[in-house]
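Below is one structure; the comments refer to it alone.
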Amino acid sequence: MGSLGEHTAVLGVGQTKYQSTRGDVSIAGLVREAALRALEDASCTWADIDAVVIGKAPDFFEGLMMPELFLADALGCVGKPILRVHTAGSVGGSTALVATSLIQGRIHQRVLTLGFEKQSESNATWALSLPQPFSVSINAGAGGYFSPIIRRYMARSGAPDLIGCMVAYKDRRHALLNPYAHLHQPDLTFDQVVDAPMLWDPIRFSETCPSSDGACAMVLGDETAGDAAGGPVAWVHGTAMRSEANNFPGRDEVSPQASRDCAAEVFAKAGIVDPRTEIDVAEIYVPFSWYEPMWLESLGFAERDEGWRMVEDGSTGIDGGGLPVNCSGGVLSSNPIGASGMIRFAEAALQVRGMAGEHQVDGAQKAFGHAYGGGAQYFAMWVVGANKP
Amino acid sequence: MREIAVVSSAIHQVEALTFKTDVQLMVPLINEARDAVGLVQADVGFTCSGSSDFLAGQGFSFVQTLDAVGASPPINESHVEMDGVFALYEAWVKLQIGEIDIALVYSYGKSSPGSRRDVLAVQLDPYTVAPLWPDAHAVAALQARLLIESGAVTAEELAAIAVRSQRNAVGNPNALRASAQMTVADVMATAMVADPLRAADLAAEADGGCAVILAAGDRARELCDRPAWIRGIDHRIDAHGLGVRDLVTAPSAALAAMRAADSAGFSAGSVDIAELHAASTAQVHVLTVGMGLGGDVRIDPSGGSLAGDTLMAAGLMRVAEAARQIASGDADRALAHGSSGPCLQQNLVCLIEGD
Amino acid sequence: MSKELPAQGRLRADLVIEYPFTRTTGPVVGAFMTGLRDRRIVGSRRADGWVFVPAAEVDPDTGNPLSEIVDVASVGVVETWTWVDPPRPGSPWDDPHGLALVRLDGANTPMLHGVLVDSVADMATGMRVEAVWREERVGHITDLLGFVPEGTGTGQPDRTEKSAVADPVRSIRTPIRLEYDFIPSAAAQEYLRAYAEKRILGNRSPVDGAVFVPPRGVDPRSGVETTEMVELPHAGHIGNFCVTHLPIPGRSDLPTPYVSAWIHLDGADIGFLGLVSGCENDEVRIGMRVQAVWKADEELGATAENILYWEPSGEPDVPVEQAGNRAWLGEGMSDA
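Protein chains in written order, with my numbering: chain W, 1 to 389; chain L, 390 to 744; chain S, 745 to 1080.
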């Protein structure tokens, strides 16, 4: 114990196959697929779970208000506590952190946490930008919002124009190593990435995330549960959340202060002085390719205006010998919005457990999970390690 | 368990906040709650809010409302798409870890722009129930009839609950319905909205918001004369389907009350006052019996949610009202209850005590 | 007890949230829907013989899956009920009707549906009812029109041949339409009305004088209320922009690609979104000076859409490192 309260361990991880339409399952069936896999991985049954924390992005996606009510039965939660978190795109990460706090605060011994989205029930552009009367509707979806910020980064850093394409190509190659990833494009060439149509200049279609159905779940346990686990667990070394307003004078939209502060706190808690050398693998929320170098800088993995060099020299690739980023394929390869943040956290846990399969980074001891949301305003991060902190 | 108390609160509730945004509603409330104990946002270690996108037909409404907090420098913050009473629970958990000493909790709801009873149908089983659009009053009525026909209570006894609420609400500036003269006969004469529930049996739909400051241990004692200590807090959920659970006993409320009592060292039945979050008089009865609130417990001294029910904030307001009873010395022990979902599917119980 | 401001002369608009959701059902809910299409009601049976209707995917008591599908009768008993008058928007019923939990013979749990009788006086707990079916059935909860008192049905055959094996229901349409009364806040009303007079209003923060446009009634840095309105010039610079190649839902008037930009008005301290036109898209740049192009006077209304777009004014650019958000000047950063 320490400033983080009770030690917390990731005992199990479960993911669904991510795809544009999971036509074979209901919403309940989708979340159960991830939850049951997490329980199995943790060698638990429903009866071992004390509480459930679930997260997802706007209820408009499925047209189901407060879905925790309907899903209580499917999540084995009857007679138990359930919380529903919503912090925009960062929600999957925030949800995991709320679940973690239930362990850290010594409220529960084992908590199931789950993020999901069944985007195929409606349409992402509709659900994310409902028109409001009297306002001028000129921004089509999230890309329209983030494109100017990316343009600003490009102008500021002097990064070559094709850095974004390199990130997209790398993450799609990584996705081939992950059986759960939505986009599996074995024949994709770098030229095809570059030649893809512009959607929100400077963002090409190939540099955006897909719209996916999917769910991701984790079983978290306290120190006793972690020590008793038969297989490897991931120990939580640090957690942090930060939020800032959307638009105010002096806001640094490229590297928001909330991002920098959140990173500083999570690394301080984890006892990490130089994340670039001490973190072995990172899962960073990159829904548009250029956010990889932008976040690398904001998070302290690279100096200001230098993050793109890590992309250019290949050191964010799984076999690049540097800091592998998004070995799972990342948000660029699978994006069930409400789960996307939790997938980052869960993939970080899989890496330090040595259970990431073909996209395992050999010997990963410390991993970083990251999510952001809103207009790059909401941040959730954790550091997990193979050893107890 | 770490000692955590409610040290201040602010409530605003009206029939319709027609010309105010959620932000404009919350700015004065958050400031009032912080100012009352001499705090600024920089003193707050964790902020948590509750609201619903569906209520006013706006996606990400909580993103806008963050403006009301003054999140500069950036804050440690989270949001639940639930009643603010669950945000309070999350903040209480964060305080338990021991990293921080002060938390701000707020929530708000503005259901007046839409037809709330119909919007709530979107909470129900999306395959076999929601497409029939059963409205919230009708759903509450199914429960009320089961209760009456079980012989547990009469329609007149339910009317007496409405009378008690309206009498208690006299003097509460945030009550929409208050009357010192209201009688059972008056209630029975109100329009039948969803048989067997009459207009006065149904909680008065309101717009509003609430902000609460929580503080730990000695910080709480420094900040106010009589902290309202949260001695026990627990929440539970029942099965969703109306046909698969016992609608007349609210098992999750009873279980939450029992668990909260285990921590508190006193039972729900031993409190001086209880503030209940119910959509109907029948639900007040279900909760009263289910949680074992005896005849000595003063129920809903503020009028409860029957007198004014702001969806997403009504539960948090119950905590605020109960804490005020402690702070003023009118009660030494109090129960605050919040709920979510059709027919009391999910329930939170908070047992509060003064020194 | 009253509205907070008089409603006189207020701006309002209809806000409709509407979408034809497509829900994939999975096997169990799908079996229930397939049954309805065949005029059959099915449940799911637990190992101890307990039958859930509608067929449930999960046993709520244990979280265990339920997969054994069984037929139940289409007659049963009303366990509890209410009367719905007027019928609710979006519901399948056009007339006042009963709404009940009906436990079908062979089922252990009741299901919710309508009871189609003439008046509330015809409703009673314990009444026996039978299902009545829609002629055209697609595999949807509304294939069941509702229940009527037993013996008063249309004499339809109870069920048809099972089609489940050949063509099970895999998805359903469940449209949602919700109507809201959209009324801008008092500050927004003032802002919108000013547009009708070709004036652009902002809010000045009492904290440090920073000016926000549109006025939102709060300084988000401090959570302090902002009430002072200031009028802003119709010129500024582009802080940042996006060239969008996708059409926007509801804006078929907008040819693609188009440029949307954060417009930083002179005297304002944050930007707001506007369209940029009057030059080639590839001429648009960070720091470019622009001015408003308004609709013709006779077309002006209380809306931000009065500004058709922003066009280059020809003035010298604002240096990139000073353009847009002041962040670029803060904390010793420079942006070039």
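Cβ coordinates follow ideal geometry from the N, Cα and C atoms, glycine included.
Please list the terminal residues of the continuous alpha helix (DSSP H) segment that includes residue i.
i, result
"S:T778", "770–781"
"W:W295", "291–298"
"W:E68", "67–71"
"L:R506", "505–508"
"L:V528", "525–538"
"L:T410", "Premise fails: L:T410 is in no alpha helix (DSSP H) and is neither H nor E."
"S:I916", "Run containing S:I916: none in the alpha helix (DSSP H); it sits in the beta strand (DSSP E), 915–926."
Could you say which of the options lies nearest to residue i if we only look at CA atoms?
i, options, result
"S:D1010", "S:N1025, S:V1020, S:G994, S:I982", "S:I982"
"W:H370", "W:E33, W:G14, W:A348", "W:A348"
"L:A492", "L:D507, L:E545, L:L612, L:N557", "L:L612"
"W:P293", "W:G221, W:A258, W:V325, W:D59", "W:V325"
"W:A245", "W:G375, W:V53, W:A51", "W:G375"
"L:F443", "S:M867, S:E762, S:G820", "S:E762"
"W:G93", "W:K80, W:P131, W:Y285", "W:Y285"
"L:L535", "S:P958, S:T826, S:V1020, S:T769", "S:T826"
"S:I1014", "W:R251, W:F116, W:L102, W:G341", "W:R251"
"L:G498", "L:G730, L:A720, L:M701, L:F655", "L:M701"
"S:T824", "S:R832, S:A844, S:D839, S:P831", "S:A844"
"S:V861", "S:H884, S:G850, S:P893", "S:P893"
"S:P999", "S:S1021, S:K1039, S:F985, S:D839", "S:S1021"
"L:I622", "L:N420, L:V474, L:M706, L:S467", "L:V474"
Between which residues of its own chain and residue i is the CB-CB distance below 6 Å, once the five residues before and five after are set aside?
i, result
"S:L1073", "Only weak support exists for where S:L1073 lies, its pLDDT of 44 falling under 50; the value from the coordinates is given anyway. If we look at S:L1073 and ignore the five residues flanking it on each side, it has no Cβ neighbours."
"W:W314", "Per the sequence shown, the amino acid found at residue 314 of chain W is Gly instead of Trp. Within the same chain, W:G314 has close Cβ partners G320."
"L:A396", "One detail in the question is off: residue 396 of chain L reads as Val in this sequence, not Ala. Once the five neighbours on either side are set aside, the close Cβ partners of L:V396 are V426, I602, A604, A609, L612, C613, P616."
"L:A791", "Residue 791 of chain L cannot be examined here, being either before or after the span of chain L that is shown, 390 to 744."
"W:W290", "I150, G164"
"S:A868", "none"
Between residue i and residue j, what straight-line distance do the alpha-carbon atoms span, to the nearest angstrom?
i, j, result
"S:G1076", "S:E1065", "At S:G1076 the pLDDT is 36, less than 50, meaning the model places this residue with poor confidence and gives no usable figure here."
"L:A445", "L:R423", "27 Å"
"S:A1071", "W:L299", "Bear in mind that the predicted position of S:A1071 carries a pLDDT of just 42, short of 50, making it unreliable; the figure below should be weighed with that in mind. Roughly 18 Å between the two C-alpha positions."
"L:I489", "L:A604", "9 Å"
"S:E748", "L:Q402", "Bear in mind that a pLDDT of 41 at S:E748, under 50, signals an unreliable position, so the number given afterwards is only what the model happens to contain. In a straight line, the C-alpha of S:E748 is about 11 Å away from that of L:Q402."
"L:R391", "L:D651", "15 Å"
"W:K56", "W:L130", "17 Å"
"S:L969", "S:D952", "Looking at the sequence provided, one finds Glu at residue 969 of chain S rather than Leu. In a straight line, the C-alpha of S:E969 is about 13 Å away from that of S:D952."
"S:W837", "L:V518", "14 Å"
"L:K662", "L:A723", "First, the residue type needs correcting, since residue 662 of chain L is Ile and not Lys in the sequence shown. Between L:I662 and L:A723, the C-alpha separation is close to 5 Å."
"W:G329", "W:L176", "8 Å"
"L:V508", "S:L922", "7 Å"
"L:S504", "S:G842", "21 Å"
"W:G14", "W:A302", "32 Å"
Using a Cβ-Cβ cut-off of 8 Å (strictly less than) and excluding sequence neighbours within five positions of residue i, which residues of its own chain qualify?
i, result
"W:F70", "I27, A28, L64"
"L:G679", "T638, A639, P640, A642, A643, A646"
"S:C986", "V1003, S1004, A1005"
Just to confirm the assignment, what range does the beta strand (DSSP E) spanning residue i have?
i, result
"L:N557", "Note, L:N557: premise wrong, no beta strand (DSSP E); alpha helix (DSSP H) at 544–557."
"W:E283", "281–283"
"W:N123", "First-last for W:N123: undefined, no H or E at that position."
Can you name the residues of chain A whose CB is closer than 8 Å to the CB of residue i?
i, result
"S:Y924", "Of the chains in the structure shown, none is chain A; the protein chains are W, L and S."
Can you name, in chain order, every residue of its own chain whose Cβ lies under 7 Å from the Cβ of residue i, other than the five neighbours on each side?
i, result
"S:H978", "I944, Q1035, A1036"
"W:R390", "Past the boundaries of the shown model lies residue 390 of chain W; chain W is included only from 1 to 389, so the question cannot be answered."
"S:E812", "S788, R789"
"S:S746", "The pLDDT assigned to S:S746 is 34, lower than 50, so where the model puts this residue is not dependable; a value taken from the coordinates is nonetheless given after this. Cβ within range, chain order: n/a, list empty."
Looking at chain S, which residues of the stretch 239–256 of chain W have a Cβ within less than 7 Å of any of its Cβ atoms? Across the stretch 239–256 of chain W, CB contacts with chain S closer than 7 Å involve A245, N247, F248, P249, G250, R251, D252, E253, in sequence order along the chain.
Using a Cβ-Cβ cutoff of 9 Å, what residues of the stretch 494–511 of chain L are near chain S? List them in chain order. For the stretch 494–511 of chain L, which is checked against every Cβ of chain S, the residues closer than 9 Å are S501, P502, G503, S504, R506, D507, V508, A510, V511.
Below 8 Å between beta carbons is the criterion; list the residues of the stretch 832–843 of chain S that meet it against any residue of chain L, in chain order. Going along the stretch 832–843 of chain S in chain order, one finds R832, P833, G834, S835, P836, L843 with a Cβ nearer than 8 Å to chain L.
For the stretch 666–678 of chain L, enumerate the residues whose C-beta is nearer than 8 Å to any C-beta of chain W, in chain order. Cβ contacts with chain W come from no residue of the stretch 666–678 of chain L.
Residues in the stretch 38–53 of chain W having any Cβ partner in chain L nearer than 7 Å: Here the close residues number zero.
Going along the stretch 390–418 of chain L in order, which residues come within less than 9 Å of chain S, judged by CB to CB distance? Legend: CB atoms of the stretch 390–418 of chain L lying less than 9 Å from CB atoms of chain S belong to residues V403, E404, A405, L406, T407, F408, K409, T410, V412, Q413, M415, V416, P417.
Along the stretch 141–169 of chain W, what residues have a CB closer than 8 Å to any CB found in chain L? Answer set for the stretch 141–169 of chain W: empty.
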